[in-house]
Amino acid sequence: MPRHEYFRWTPRTAWLSVAYVLAIPGALMYTAYKIDVSYTQDSHFSGQVNERRDENTVQPEREC
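So the sequence shown is numbered by UniProt numbering: it starts at 1 and just counts up by one.
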(Lines of atoms letter the chains of each structure in order from A and count residues from 1; the text may use other names and numbers.)
(Lines give C-alpha, C1' and ligand atoms only; values in the text may rest on other atoms or scores of the structure.)
Protein backbone atom coordinates (compact mmCIF):
# COMPACT_ATOMS: atom_id res chain seq x y z
CA MET A 1 0.00 0.00 0.00
CA PRO A 2 1.65 3.29 -1.07
CA ARG A 3 1.03 5.34 2.07
CA HIS A 4 3.68 7.90 1.13
CA GLU A 5 1.42 9.12 -1.68
CA TYR A 6 -1.14 10.31 0.88
CA PHE A 7 1.26 12.28 3.07
CA ARG A 8 0.29 15.87 3.92
CA TRP A 9 2.09 18.38 6.11
CA THR A 10 -0.03 19.15 9.12
CA PRO A 11 0.91 20.83 12.40
CA ARG A 12 1.24 17.39 13.96
CA THR A 13 3.59 16.02 11.28
CA ALA A 14 5.67 19.21 11.40
CA TRP A 15 6.00 18.98 15.19
CA LEU A 16 6.95 15.31 15.05
CA SER A 17 9.54 16.01 12.35
CA VAL A 18 11.16 18.73 14.46
CA ALA A 19 11.09 16.48 17.52
CA TYR A 20 12.76 13.57 15.77
CA VAL A 21 15.34 15.66 13.91
CA LEU A 22 16.32 18.25 16.54
CA ALA A 23 14.85 17.80 19.99
CA ILE A 24 15.53 14.12 20.67
CA PRO A 25 19.17 14.07 19.43
CA GLY A 26 19.79 17.40 21.15
CA ALA A 27 18.47 16.08 24.45
CA LEU A 28 20.62 12.96 24.16
CA MET A 29 23.73 15.02 23.36
CA TYR A 30 23.07 17.37 26.29
CA THR A 31 22.64 14.42 28.67
CA ALA A 32 25.80 12.72 27.40
CA TYR A 33 27.79 15.95 27.78
CA LYS A 34 26.56 16.50 31.33
CA ILE A 35 27.42 12.92 32.32
CA ASP A 36 30.87 13.17 30.71
CA VAL A 37 31.67 16.46 32.45
CA SER A 38 30.51 15.17 35.83
CA TYR A 39 32.81 12.13 35.58
CA THR A 40 35.87 14.09 34.42
CA GLN A 41 35.48 16.66 37.20
CA ASP A 42 34.93 14.05 39.92
CA SER A 43 38.25 13.78 41.76
CA HIS A 44 37.53 10.26 43.06
CA PHE A 45 36.98 8.93 39.54
CA SER A 46 40.02 10.75 38.16
CA GLY A 47 42.15 9.45 41.03
CA GLN A 48 41.20 5.88 40.24
CA VAL A 49 42.24 6.30 36.63
CA ASN A 50 45.59 7.80 37.66
CA GLU A 51 46.23 5.05 40.22
CA ARG A 52 45.62 2.33 37.66
CA ARG A 53 47.87 4.04 35.18
CA ASP A 54 50.66 4.28 37.80
CA GLU A 55 50.38 0.59 38.70
CA ASN A 56 50.79 -0.49 35.08
CA THR A 57 53.92 1.56 34.39
CA VAL A 58 57.35 0.10 34.98
CA GLN A 59 58.89 1.60 38.09
CA PRO A 60 62.69 1.89 38.36
CA GLU A 61 64.19 -0.34 41.04
CA ARG A 62 65.44 1.39 44.16
CA GLU A 63 69.05 1.01 45.15
CA CYS A 64 69.58 -0.29 48.69
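Positions of the beta carbon are idealized from the N, C-alpha and C atoms, including for glycine. Treat the numbers as computed from the prediction; the structure is a model and nothing was measured.
Nearest-angstrom Cα distance between residue i and residue j?
i	j	result
residue 13	residue 37	35 Å
residue 3	residue 35	41 Å
residue 18	residue 7	16 Å
Within the same chain, show all residues whose beta-carbon is closer than 8 Å to that of residue i, passing over the 5 residues directly before and after it, in chain order.
i	result
residue 9	none
For residue i, which residues from the same chain have a beta carbon less than 6 Å from its beta carbon, with the 5 sequence-adjacent residues on both sides left out?
i	result
residue 1	none
residue 23	none
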